[in-house]
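These notes concern the structure reproduced below.
Numbering (the UniProt record's numbering), first residue to last: 1 to 319.
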């Protein structure tokens with residue numbers, strides 16, 4: 001935290017002086033009370049007063065002054081601000097291997113649920129789109145702020161939705177970049193700040209070379225965050241015959257490294273949620289230093305109202 005007017009913090013010395021004066025007054029008052037030795041008579045002539053409660057209004061009042069002084073010094077802090085026209089493309093693998101049950105209830109169902117939670121946690125003004133890919137890739141939902149359409153698209157994610165089997169990571173990246181470029185009329189000349197979040201459980205087996213697509217993402221200044229989802233022991237049942245589908249994140253790691261995104265591994269639903277939460281805290285934001293004095297002034301006013309309420313409740317007067 002920085003201060004635009006740090007010298008104003010010297011006023012806190014005045015608040016400290018008031019606190020010291022209050023404590024000194026309380027000590028002197030207790031000393032006079034002890035001198036009055038006829039305790040029975042004291043009980044009759046002096047009304048019963050609250051014990052610790054009598055200090056609450058004064059404490060709140062002093063806290064209010066301190067907060068107002070801090071606000072008066074105009075503190076600033078770095079605040080995360082959503083980028084204008086920020087766009088996030090979520091690409092989900094829907095190949096047969098995503099039906100493996102090493103993640104309950106299966107990889108694809110867990111991925112869909114985590115994707116819903118992820119998009120719901122993004123700011124409402126973010127444009128979010130959805131790409132499904134297996135042996136080819138398709139944009140199921142163009143990027144927009146319509147979360148209802150996005151939820152419908154996530155519900156439609158299923159094996160075979162793209163019509164071709166395989167794992168086309170390069171095609172998924174290319175389709176995501178194309179969706180970003182068609183966001184609005186300005187996108188061609190003024191591309192929006194964008195990120196691609198790509199989830200898969202295997203290496204590329206069809207379509208365009210993932211590294212060529214990664215180079216296109218670098219040229220477009222679009223980092224690709226990749227998630228390798230599954231475990232080495234995953235398998236799918238085909239006609240009563242188990243087929244091993246171990247997770248393979250080598251290609252995903254290379255894509256993330258090339259584009260400046262992050263590579264993540266998740267072997268369970270809980271780990272996948274954590275990965276999405278980690279990614280969501282960084283995509284589509286920029287750091288901006290802002291004046292946060294209103295926070296301290298607002299809290300100071302709350303303390304002032306607390307001091308007034310306590311004084312009127314216990315002493316029938318304002319502090």
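Every residue gets a Cβ at the ideal spot worked out from N, C-alpha and C, and that includes glycine.
- Apart from sequence neighbours up to five positions away, the residues of its chain that approach residue 166 with a beta-carbon distance below 7 angstroms are 95, 134, 135, 205 and 206, ordered along the chain.
- Among the bridge pairs identified by DSSP, residue 252 is matched with none.
- In this structure, residue 91 sits away from residue 269, with a CB-CB distance that is not shorter than 8 angstroms.
- Contact between the stretch 239-259 and the stretch 191-206 is established, with three or more Cβ pairs separated by less than 8 angstroms.
- Sequence-distant partners of residue 77 (beyond 5 residues in either direction) whose C-beta falls short of 8 angstroms from its own C-beta, in its chain, are 1, 2, 289, 290 and 292.
- With a threshold of 16 other beta carbon atoms within 10 Å, residue 107 meets it and is buried.
- Per DSSP, the continuous alpha helix (DSSP H) segment holding residue 57 begins and ends at 56-72.
- With the rule of 3 Cβ pairs closer than 8 angstroms, the stretch 184-191 does not count as touching the stretch 228-236.
- Setting aside the 5 residues that flank it on each side, residue 147 is surrounded in the same chain by 119, 120, 124 and 128, each with a C-beta closer than 8 angstroms to its C-beta; the list follows chain order.
- Distance from the CA atom of residue 15 to the CA atom of residue 8, rounded to whole angstroms, is 12 angstroms.
- Taking the C-beta atoms as reference points, residue 99 is found nearer than 8 angstroms to residue 236.
- For residue 292, there is no enclosing alpha helix (DSSP H), as DSSP marks it with neither H nor E.
- When secondary structure is reduced to three states using DSSP, residue 279 falls in the helix class.
- A direct Cα-to-Cα measurement between residue 287 and residue 80 gives close to 5 angstroms.
- Rounded to the nearest whole angstrom, the C-alpha separation of residue 154 and residue 298 is 42 angstroms.
- Residue 265: member of the beta strand (DSSP E) spanning 263-266, first to last residue.
- In the DSSP assignment, residue 200 falls within the unbroken beta strand (DSSP E) covering 194-200.
- Residue 210 sits in a helix when the DSSP states are folded into three classes.
- In the structure shown, residue 6 falls within a helical segment according to DSSP collapsed to helix, strand and coil.
- Taking 8 angstroms as the cut-off, the beta carbon of residue 137 is found closer than this to the beta carbon of residue 168.
- Taking C-beta atoms as the reference points, residue 18 and residue 114 fail to come closer than 8 angstroms.
- Scanning its chain for C-beta atoms nearer than 7 angstroms, with the 5 sequence neighbours on each side dropped, one finds around residue 116 the residues 151 and 154, in chain order.
- Annotation for residue 64: 300, 301, 303, 304 and 307 place their beta carbon closer than 8 angstroms to its own, counting only its chain and skipping 5 residues before and after.
- If you draw a straight line from the Cα of residue 164 to the Cα of residue 149, it is about 24 angstroms long.
- Looking from the CA of residue 296, the closest CA among 27, 239 and 67 belongs to 67.
- Residues of the same chain with a CB within less than 6 angstroms of the CB of residue 97, apart from the 5 flanking positions on each side, are 201, 202 and 245 in chain order.
- In the DSSP assignment, residue 238 forms a beta bridge with 241.
- Straight through space, the alpha carbons of residue 277 and residue 283 are spaced by roughly 10 angstroms.
- Within the model, the alpha-carbon separation for residue 126 versus residue 181 is close to 15 angstroms.
- In this structure, residue 6 sits away from residue 87, with a CB-CB distance that is not shorter than 8 angstroms.
- Rounded to whole angstroms, the Cβ separation of residue 225 and residue 262 is 5 angstroms, and the two are in contact under 8 angstroms.
- Nearest in C-alpha terms to residue 294, of all of 89, 56 and 69, is 69.
- Residue 312 places its beta carbon 8 angstroms or farther from that of residue 194.
- Scanning the stretch 136-179 for uninterrupted beta strand (DSSP E) segments of 3 residues or longer gives 137-144, listed from N- to C-terminal end.
- Just measuring C-alpha positions, the residue of 174, 213, 220 and 210 sitting nearest residue 189 is 220.
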